[in-house]
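Enquirer: Structure in structure tokens, see below.
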Ligand code: MG
Ligand code: ZN
């Protein structure tokens, strides 16, 4: 088997494909000539196979679907051979500028095989540049002559084989790929899963073809996302399509749309059901997963083999995230709603739609002796954390946002974005000014364990890289440090910690990025749940500001941690986001409500102030 595979690689430069490495070479443009522009659409997508149905008509080779549709102006030479010759010349003897990309011109002989193939050979001989090209193949299909006479044709002619034919070794060398009708094995329409009996038949023929060292193609397959995923999982090498643009877009996005986790974390069941506790909480931990919708959570759950600490929380609500000026919120308006209880415009930080400052949760509770910590796994001047201490009409005013921190009375600040504090246009060094105010300041996250003060600022950009680039347990550690600090100081507290980069993964349309960030966020959730269980006076609220990416999950495996998804946008979407609440007061967060209600409910619990709506 190995030897024949290698021989195949050597002969044709196409290797048998594993499910992980489908690319445009795997695409078979069925009936290419009916594309909006024959040849060029498929060629521009760098597909591996371009198919043309060819009729011998008045001693010329015409491209058409049926005899009736033959148009003497639609000739193989004009539509395919001439443009190919031009590109091959341009690309120094290769079909594509990327010399590793192969192209097969698949000619389906629609009229009597021997005479049509003879005419084809005669025609091709006028294009020596095409015939001598590397990574380029001419393969005939349809009414191919009997294998016993293949040796009479020039070696540049390859043949489309059939699985039931027993070829001699010599004949097999001329077989480029083996094709068969999907309908012979299955009536599957592409929805859901293939019935097991049909799946077994398909597997058998796929294995039979692979045992000959050849790639397999089915014709008449269902032709949309779920069907493509299924065929790829069954290791069908060449995927036929009538929708070259859709399949090529799908294949192009494949690397970013699949994730196989190799790291998993354990999940504890919650120790107590606090949801019915009538007691008001003394402390609040608010964990915000930026861009974390239900599908992001489920991607993390799948990647972690079907478990998340978040999903062990019994009390669930939904938050409607729309902003004052947009159906779809950004993080600025979303966090302002949660921090101030007011809807505002996108881009506004802690201000109403008329640019008047709104009181944040830390400002509302500071007179009651509360300590506050704000933590982000991104820049601390970014919109989400900023809306808990700053008042600016524009989220990008990061130096003004940093300056607002000076008057905020927030005790602990941990994240990235040090430049807005220490390398400012106004030449002030806010770290020096914070030291005078009694804060311990540090530009190195590694110093966190040595900090003894209960007021400190640690901003370290190198510590807030993505999880994939080695952020480690930054979020959990920062949360634990804040919990320990406030416990030691015996102060009631409010902590907001943000999983900032779930959103970045959504903007990047990377399922790996999203899933890894959700798994990291879940580990911070687990730490918070442990504290809630131990402390008994703390309410944990977990939510998001909005969903990012319009993620749908198209495949996954709960026992292996594989997950595949499709993003419909690289921006935020409008869908409401979940709210999980754990600890005394959790029941208040059941139901469906505006994101502004989160602030009102939190203040109701901490200050006794009744929510106004
Ligand atoms: Mg954010
Ligand atoms: Zn975003």
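Numbering (our numbering), first residue to last: -4 to 608.
Note that the Cβ used here is the ideal one computed from N, Cα and C, for glycine as well.
Nothing here was measured: the structure is a model prediction, and the numbers come from that model.
What residues match up with residue 574 in a beta bridge as DSSP calls it?
Expert: 312
Enquirer: Would you list the residues sitting across from residue 214 in a DSSP beta bridge?
Expert: Residue 214 pairs with 176.
Enquirer: So residue 540 packs on residue 290, CB below 8 Å; how close in whole Å?
Expert: That pair is no contact at about 16 Å.
Enquirer: Any heavy atom of ligand 2 closer than 6 Å to the Cβ of residue 543?
Expert: yes
Enquirer: Report yes or no: do the stretch 52 to 66 and the stretch 79 to 87 share at least 3 C-beta pairs separated by less than 8 Å?
Expert: no
Enquirer: Is DSSP giving residue 134 helix, strand or coil here?
Expert: Assigned with DSSP and collapsed to three states, residue 134 falls in strand.
Enquirer: What residue range is occupied by the uninterrupted beta strand (DSSP E) comprising residue 48?
Expert: 44 to 52
Enquirer: Could you have a look at residue 332 and say whether DSSP puts it in helix, strand or coil?
Expert: helix
Enquirer: Where does the unbroken beta strand (DSSP E) through residue 484 begin, and where does it stop?
Expert: Run containing residue 484: none; DSSP gives neither H nor E here.
Enquirer: Taking C-alpha atoms, which residue in 590, 18 and 492 lies nearest to residue 248?
Expert: 18
Enquirer: Please confirm whether residue 337 and residue 347 have their CB atoms less than 7 Å apart.
Expert: yes
Enquirer: Mind checking which residues open and close the alpha helix (DSSP H) that includes residue 323?
Expert: Counting along the chain, residue 323 falls outside any alpha helix (DSSP H), and DSSP gives it neither H nor E.
Enquirer: Can you give the beta carbon distance from residue 314 to residue 590, rounded, assuming they're within the 8 Å contact cut?
Expert: 5 Å
Enquirer: Beta carbon of residue 520, beta carbon of residue 371: below 7 Å?
Expert: no
Enquirer: Would you check whether ligand 2 has a heavy atom nearer than 6 Å to the C-beta of residue 540?
Expert: no
Enquirer: Using alpha carbons as the reference points, say which of 463, 469 and 412 lies closest to residue 444.
Expert: 469
Enquirer: Compute the Euclidean distance between the alpha carbons of residue 550 and residue 253, then round it to the nearest angstrom.
Expert: 9 Å
Enquirer: What is the DSSP secondary structure of residue 346, counted as helix, strand or coil?
Expert: strand
Enquirer: Quick check: does the Cβ of residue 582 come within less than 6 Å of any heavy atom belonging to ligand 2?
Expert: no
Enquirer: Considering Cα atoms alone, identify which of 125, 66, 73 and 276 is closest to residue 89.
Expert: 125
Enquirer: Apart from the five residues on each side of it in sequence, which residues of its chain come closer than 6 Å, Cβ to Cβ, to residue 129?
Expert: The residues are 88 and 89.
Enquirer: Among 152, 496, 354 and 226, which one has its Cα closest to the Cα of residue 193?
Expert: 226
Enquirer: Would you mind reading off the limits of the alpha helix (DSSP H) that contains residue 225?
Expert: Unbroken alpha helix (DSSP H) run through residue 225: 220 to 228.
Enquirer: What is the residue span of the alpha helix (DSSP H) that residue 535 lies within?
Expert: Here residue 535 belongs to no alpha helix (DSSP H); instead the beta strand (DSSP E) covers 533 to 538.
Enquirer: Across the stretch 529 to 544 and the stretch 224 to 244, are there enough close Cβ pairs to call them in contact, namely three or more that are closer than 8 Å?
Expert: no
Enquirer: Tell me whether residue 617 sits in a helix, a strand or coil according to DSSP, three-state version.
Expert: It is not possible to answer for residue 617, since the shown part of the chain is limited to -4 through 608.
Enquirer: Is there at least one non-hydrogen atom of ligand 2 closer than 6 Å to the beta-carbon of residue 498?
Expert: yes
Enquirer: If contact is defined by three or more beta carbon pairs under 8 Å, each pair taking one atom from either stretch, is the stretch 293 to 303 in contact with the stretch 552 to 562?
Expert: yes
Enquirer: What does a CB cutoff of less than 6 Å around residue 593 pick up in its chain, not counting 5 residues either side in sequence?
Expert: Shown here for residue 593: same chain residues with a beta carbon closer than 6 Å to its own, the five before and five after excluded, namely 333 in chain order.
Enquirer: Please classify residue 309: is it buried, with 16 or more other beta-carbons within 10 angstroms of its beta-carbon, or exposed?
Expert: exposed
Enquirer: What's the gap between the Cα of residue 311 and the Cα of residue 455?
Expert: 34 Å
Enquirer: Apart from the five residues on each side of it in sequence, which residues of its chain come closer than 7 Å, Cβ to Cβ, to residue 209?
Expert: For residue 209, same chain residues with a beta-carbon under 7 Å away, outside a window of 5 residues either side, are 3, 156, 170, 172 and 173 in chain order.
Enquirer: Measuring only from the beta carbon, is residue 326 closer than 6 Å to any heavy atom that is part of ligand 3?
Expert: In the structure on display, ligand 3 does not appear, and the ligands it does have are ligand 1 and ligand 2.
Enquirer: Can you find a heavy atom of ligand 1 that lies under 6 Å from the Cβ of residue 382?
Expert: no
Enquirer: What residue ranges within the stretch 446 to 476 form continuous beta strand (DSSP E) runs of no fewer than 3 residues, ordered along the chain?
Expert: Entirely contained in the stretch 446 to 476, the beta strand (DSSP E) runs reaching 3 residues are, in chain order, 451 to 454.
Enquirer: Going by beta-carbon coordinates alone, are residue 368 and residue 490 separated by less than 7 Å?
Expert: yes
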